[in-house]
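Chemist: Dropping a structure here in structure tokens format, bear with me for questions.
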Amino acid sequence: ELQRRRPQGFWVPTYFIDLLWHTHQLHHRLYVQDTIKLCGAMLPHDDSVNDRSEGYRLVDSWAATQKAWKEEFGSNAILRLPGGQWRGNPTIDEMQLRPALQRSIK
């Protein structure tokens with residue numbers, strides 16, 4: 175909803191929203207149809223932005239997301255759930271599975 179209301183923003187989802195987002199993308203045709211219906215265009219998902227250091231786009235955009243969410247919806251409590259933003263570093267097993275997962279969704 176935030177993306178629909180403010181389409182020019184680079185909004186950072188919580189981990190839970192991101193998980194749902196990735197799951198939705200597994201059904202590409204439906205994902206395209208749904209995001210066009212909800213947002214007016216196919217909603218891209220940029221996983222290349224992942225530096226959580228101060229002053230970098232992810233950190234700055236996360237702060238902007240919290241502010242915009244509160245302005246639009248009156249509260250940003252949902253964004254402050256434990257683990258909502260940082261899910262930790264990938265495990266070795268996750269890193270080893272990544273190439274196979276990427277090939278399976280192409």
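Numbering-wise (the working numbering), the sequence shown opens with residue 175 and increments by one. Quick reminder that beta carbons are idealized off the backbone N, C-alpha and C, glycines included.
#1: If Trp243 sits next to Leu253, beta carbons under 8 angstroms apart, how far is it from one beta carbon to the other, in whole angstroms?
#2: Report yes if the CB atom of Leu200 is closer than 8 angstroms to the CB atom of Ile266, and no otherwise.
#3: With H, G and I counted as helix, E and B as strand and the rest as coil, what does DSSP make of Trp185?
#4: Tell me whether Met216 sits in a helix, a strand or coil according to DSSP, three-state version.
#5: By the three-class DSSP mapping on this structure, what secondary structure does Thr124 have?
#6: Can you check whether the CB of Tyr189 is closer than 8 angstroms to the CB of His198?
#7: What residue range is occupied by the uninterrupted alpha helix (DSSP H) comprising Thr239?
Modeler: Concretely, from the data shown:
#1: 6 angstroms
#2: no
#3: coil
#4: coil
#5: This structure leaves residue 124 out entirely; the chain is present only between 175 and 280.
#6: no
#7: 231-247
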